[in-house]
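Notes to accompany the following structure.
In structure tokens form, the structure reads like this:
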């Protein structure tokens, strides 16, 4: 057996072993008009597996007076840093029940990262620039992802079993619970789920100028 | 004591200038403005309309003072060119400073700001050349992500370089020609309401008390009640400008379209209703079309 053949068989075996134990979920989210929905959070909760969280650290930047990314999903217990990459100071805060915090005016990197230790949605803002609004979805599940500009995301390496899947978006009219779907995942399977959700208008405090007080 | 205070303020100012937290900003605007009663005429014969094109540039620096307060210093300059009564065209150069404080944290916390400004207006009609000063206090509050409201008070003074007395008027009734020396105060309530992510309605109500200048063909009744009278060179020959104390009410409504995060296209309408001493009554209807840019 040549080396090439041996390597090919080894690779094939590895692929088969990997695929044999995992599956993939393709999630597609569209709005009421059929347009792709970006920044939708897809959450899978396992009903059959004991899950272990691996929270780690995450980063939400402040660039050109906006939170980047506008929507972030993290596991419970994650530490998030909020580096300010603008040449002015920001004052990040949240009043949300899942995490209430304040990072008073700072430039560069805030002194300490913030620990997100409770599941839920955390809405963040800047006290200087009212239009700066961001969302952190804190979850107890290790299986989560955010849709891209095409309204698509993938969850890979799912083990065989039963899951419940749901979608959340900051502008979603319905509650997350109403989007719940039960999935039975088999090995080697690639599943696609399509969600159609109804979105509210994206109203934020105006950043562009309004001529109030001018002209008289 | 005052020296110590001055040195402390100077030190703080220099310190703030050297840190990155002070941000430069730049605004530009151009506006087309129609006024159907440009000379505030109370009689039909005196009502004349005109359209002006205005361009303004302003640049300034913002210092964040602590977590809740800030200081803004802005220099601005602009031009306004009238189509019909070209002598009204003018340029200005000015400076303003605003101190603001936010009471609390979050979108809904109210903001109080104190603003002082000083401009010099250089008109083609030199009798209108004036120093213009104002001092104002504004309280603004956001009630939701859609609705922001503000209430403001402003005291304004215009001080002209020279008065053009009409000798016979001074001799007979002792009324001088400093018609463009004006003082007024106004209270306004304004709103901005976002209809969509791009469109916003804005408007408000203003009550103004103080001096106004109207122009008319020689008219004996104005001599009894006017504080100042002079020939109005911009309005035409044999037309006099007269200053009266007045009360005005103004309603305005406009729509603003966000072209991007820095620029907007705006159209608005405003109606002034003014009653002066001597019971002269006149209205002004204004229409504005403006393009604003802020960086």
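Protein chains in written order, with the working numbering: chain S, 6 to 221; chain Y, 2 to 296. We put the beta carbon where it would ideally sit given N, CA and C, even for glycine.
Starting from residue i, trace the beta strand (DSSP E) in both directions and tell me its first and last residue.
i, result
"residue 225/Y", "No beta strand (DSSP E) contains residue 225/Y, which is instead part of the alpha helix (DSSP H) from 221-226."
"residue 109/S", "104-111"
"residue 66/Y", "51-66"
"residue 186/S", "186-190"
"residue 161/Y", "148-161"
"residue 132/Y", "131-143"
"residue 247/Y", "240-259"
"residue 73/S", "71-73"
"residue 296/Y", "It is not in any beta strand (DSSP E) - residue 296/Y carries neither H nor E in the DSSP assignment."
"residue 195/S", "195-201"
"residue 140/S", "138-144"
"residue 3/S", "Outside the shown range of chain S (6 to 221) lies residue 3/S, about which nothing can therefore be said."
"residue 127/Y", "No beta strand (DSSP E) holds residue 127/Y; DSSP gives it neither H nor E."
"residue 160/S", "157-164"
"residue 36/S", "Segment: none, residue 36/S is in no beta strand (DSSP E) and carries neither H nor E."
"residue 41/Y", "Counting along the chain, residue 41/Y falls outside any beta strand (DSSP E), and DSSP gives it neither H nor E."
"residue 81/Y", "70-83"
By Cβ distance below 6 Å, which residues in the same chain neighbour residue i in space, the five residues on each side in sequence not counted?
i, result
"residue 86/Y", "51, 235"
"residue 164/Y", "177, 178, 179"
"residue 46/S", "78, 142, 151, 173"
"residue 120/S", "84"
"residue 80/Y", "56, 92"
"residue 28/S", "163, 190, 194"
"residue 94/Y", "78, 121"
"residue 99/Y", "73, 114, 116"
"residue 29/Y", "58, 294"
"residue 148/S", "49, 160"
"residue 27/Y", "60, 296"
"residue 107/S", "98"
"residue 70/Y", "102"
Roughly how far, in whole angstroms, is the beta-carbon of residue i from the beta-carbon of residue j, given that I think they are within contact range, below 8 Å?
i, j, result
"residue 110/Y", "residue 153/Y", "About 18 Å; that fails the 8 Å criterion."
"residue 96/S", "residue 110/S", "5 Å"
"residue 81/S", "residue 58/S", "6 Å"
"residue 255/Y", "residue 203/Y", "5 Å"
"residue 38/S", "residue 198/S", "Not a contact, Cβ separation roughly 20 Å."
"residue 245/Y", "residue 227/Y", "6 Å"
"residue 128/Y", "residue 206/Y", "Actually they do not touch by this definition, with Cβ atoms about 32 Å apart."
"residue 291/Y", "residue 31/Y", "7 Å"
"residue 128/S", "residue 140/S", "6 Å"
"residue 229/S", "residue 146/S", "Absent from the model: residue 229/S. The displayed extent of chain S is 6 to 221, so no value can be given."
Near residue i, which residues of its chain fall below 7 Å by C-beta distance, leaving aside the five closest residues on each side in sequence?
i, result
"residue 215/S", "none"
"residue 70/S", "91, 134, 137"
"residue 63/S", "77, 79, 83, 85"
"residue 54/S", "164, 166"
"residue 265/Y", "257, 258, 259, 293"
"residue 168/S", "49, 50, 51, 52, 188, 190"
"residue 102/S", "125"
"residue 18/Y", "Residue placement at residue 18/Y is poorly supported in this model, since its pLDDT is 45, which falls under 50; the coordinates still yield a value, given next. Counting only Cβ-Cβ distances below 7 Å, and skipping sequence neighbours, we find nothing."
"residue 61/S", "83"
"residue 1/Y", "Given that chain Y is displayed from residue 2 to residue 296, the structure contains no residue 1/Y and the question cannot be resolved."
"residue 220/Y", "none"
"residue 194/Y", "147, 148, 201, 202"
"residue 143/Y", "108, 109, 149"
"residue 140/Y", "111, 113, 151, 152"
"residue 88/Y", "125, 126, 234, 235"
"residue 212/S", "136"
"residue 82/Y", "53, 54, 90"
Quick one: residues in its chain with C-beta nearer than 8 Å to the C-beta of residue i, no 5 flanking neighbours on either side, listed in chain order?
i, result
"residue 186/Y", "154, 155, 156, 157, 209, 210, 211"
"residue 18/S", "At residue 18/S, the pLDDT of 46 sits below 50, so the modelled position is not reliable; the number obtained from the coordinates is stated separately. Excluding residues within five positions, none has a Cβ falling inside 8 Å."
"residue 179/S", "202, 203"
"residue 230/S", "No information on residue 230/S is available, as it lies outside the stretch 6 to 221 that chain S covers here."
"residue 156/S", "33, 34, 35, 40, 41, 42, 43, 45"
"residue 282/Y", "43, 274, 275, 276"
"residue 1/Y", "Because chain Y here runs from 2 to 296, residue 1/Y falls outside it and cannot be looked at."
What residue does the alpha helix (DSSP H) around residue i start on, and which one ends it?
i, result
"residue 344/Y", "For residue 344/Y there is no data in the structure shown, the boundaries of chain Y being 2 and 296."
Residues from the stretch 202-226 of chain Y in contact with chain S, defined by Cβ distance under 7 Å: Look at the stretch 202-226 of chain Y: the residues with a C-beta under 7 Å from a C-beta of chain S are 203, 207.
Residues in the stretch 100-119 of chain S having any Cβ partner in chain Y nearer than 7 Å: Taking 7 Å as the Cβ-Cβ cut-off, the stretch 100-119 of chain S approaches chain Y at 100, 107, 109, 110, 112, given in chain order.
Against chain Y: residues of the stretch 191-218 of chain S by CB proximity under 8 Å: Taken in chain order, the members of the stretch 191-218 of chain S whose beta-carbon sits within less than 8 Å of a beta-carbon on chain Y are 206, 207, 208, 209, 210, 211, 212, 213, 214, 215, 216, 217, 218.
Interfacial residues, the stretch 67-100 of chain S to chain Y, with Cβ spacing under 7 Å: Within the stretch 67-100 of chain S, the residues whose Cβ lies closer than 7 Å to some Cβ of chain Y are 92, 93, 94, 96, 98, 100, listed in chain order.
Cβ contact check for the stretch 26-38 of chain Y and the stretch 48-67 of chain Y: 3 or more pairs under 8 Å: With the cut-off at 8 Å, the stretch 26-38 of chain Y and the stretch 48-67 of chain Y touch.
Any 3 or more C-beta pairs closer than 8 Å across the stretch 235-250 of chain Y and the stretch 198-210 of chain S: Contact between the stretch 235-250 of chain Y and the stretch 198-210 of chain S is absent, because fewer than three Cβ pairs lie under 8 Å.
Chain Y contacts from the stretch 126-137 of chain S (Cβ-Cβ distance under 9 Å): Those would be 130, 132, 133, 135, 136, in chain order.
Residues of the stretch 244-276 of chain Y whose Cβ lies closer than 8 Å to any Cβ of chain S, in chain order: Residues 251, 253, 255, 257, 259, 260, 261, 262, 263, 264, 265, 267, 269, 271, 273.
Interfacial residues, the stretch 49-80 of chain Y to chain S, with Cβ spacing under 7 Å: Look at the stretch 49-80 of chain Y: the residues with a C-beta under 7 Å from a C-beta of chain S are 65, 68.
Chain S contacts made by the stretch 84-106 of chain Y, where a contact means CB separation under 8 Å: Hits within the stretch, in order: 103, 106.
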